[in-house]
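Novice: Take the sequence shown: its position 162, counted from the start at 1, is 154 in my numbering, and no numbers get skipped. We put the CB at the ideal spot given by N, CA and C, even for glycine. This is the structure I want to talk about, given as structure tokens.
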Amino acid sequence: TCSDLLNYMKEIGYSQVTGTEWTFAGVFAMMAFIQYIRADFEGASQSAKIAYDLSENEANLSHKLLALLVKTSVLRGYGKSTEALETADELEFIINRNKNFPFFTPAFVSLKIQILTDFGQTDATEDFLNEHGIAIKEKITTLNEFAYAAYARFLIIQYKLNDAEAILAKLY
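Here it is as structure tokens:
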């Protein structure tokens, strides 16, 4: 595992390298993701910060995007909606400037819908949904189903239960 690799690096005297060398950004980004899935939010937050900091000097943006995605999710989980929205905005800026990350976009769209919904920003949420082509009559795929799950939650909060039910019935 990633933590085993880092422990091994520490044992052989290379622990300082892992926290300063950009090539370890991917290890920390994956650790953050795994820790988040395992509900270790503190560990995920720390690993995401390290991954983000290390990825500043890296040409490959995928590690930075994953770190930001995890950081935004952790902040939302801690109820820090304002900081989560700020981080989501940074994530959106990077994704919009670099359209070659289609695998991050659905996860980001889902997360941003959830954050905007948490804030009760109905108009902003609807604008965001329209901007990303999320609508009741659009096709739901395995790639965009997370966004539709968040959309269904938004509809439930808006008391549009029939629409939410129609979407939920189509999810994979």
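Could you say which of F111, Q113, E137 and K72 lies nearest to F100 if we only look at CA atoms?
Specialist: One-based indexing of the sequence shown puts residue 100 at position 108. If we check each option's Cα against that of F100, E137 comes out closest.
Novice: Using beta-carbon positions only, say whether I132 and L121 come within less than 8 Å of one another.
Specialist: Taking the first residue of the sequence shown as position 1, residue 132 is located at position 140. Taking the first residue of the sequence shown as position 1, residue 121 is located at position 129. Not closer than 8 Å, so no.
Novice: Quick one: complete alpha helix (DSSP H) runs, 4+ long, within the region 124 to 160?
Specialist: 137 to 149
Novice: In angstroms, rounded to a whole number, what distance separates the CA positions of Y44 and L60?
Specialist: Along the sequence shown, read from residue 1 onward, the residue named residue 44 stands at position 52. Along the sequence shown, read from residue 1 onward, the residue named residue 60 stands at position 68. For Y44 and L60, the distance between alpha carbons rounds to 7 Å.
Novice: Helix, strand or coil, according to DSSP, for Y6 in the structure here?
Specialist: Here the question's residue 6 lines up with position 14 in the sequence shown. At Y6 the pLDDT is 48, less than 50, meaning the model places this residue with poor confidence and gives no usable figure here.
Novice: Between which two residues does the alpha helix (DSSP H) containing F25 stretch?
Specialist: As a position in the sequence shown, residue 25 is number 33, starting the count at 1. A17 to I29 is the extent of the alpha helix (DSSP H) around F25.
Novice: At what residues does the alpha helix (DSSP H) containing P94 begin and finish?
Specialist: Residue numbering aside, residue 94 sits at position 102 when the sequence shown is read from its first letter. Note, P94: premise wrong, no alpha helix (DSSP H); not H, not E.
Novice: Here's the rule I'm using: 16 or more other beta-carbon atoms within 10 Å means buried, otherwise exposed. How should A98 be labelled?
Specialist: Numbered from 1 along the sequence shown, position 106 holds the residue referred to as residue 98. The sequence as given places Pro at residue 98; Ala does not occur at that position. By the Cβ neighbour-count rule, P98 is buried, with 16 or more other Cβ atoms within 10 Å of its own.
Novice: Please name the residue in A40, I29, A31 and L153 whose C-alpha comes closest to that of F20.
Specialist: In the sequence shown, the residue the question calls residue 20 occupies position 28. Looking from the CA of F20, the closest CA among A40, I29, A31 and L153 belongs to A40.
Novice: Rounding to the nearest angstrom, what Cα-Cα distance links G169 and H55 in this structure?
Specialist: In the structure as shown, the chain begins at -7 and stops at 164. Residue 169 is therefore absent and cannot be evaluated.
Novice: What residues in its chain sit with their C-beta under 6 Å from that of E75, if we drop five residues either side in the sequence?
Specialist: Working through the sequence shown from its first residue, we reach residue 75 at position 83. These residues qualify, in order along the chain: L67.
Novice: DSSP on L83, reduced to helix/strand/coil?
Specialist: Counting from one through the sequence shown, the residue named residue 83 turns up at place 91. DSSP places L83 in helix when its eight states are reduced to three.
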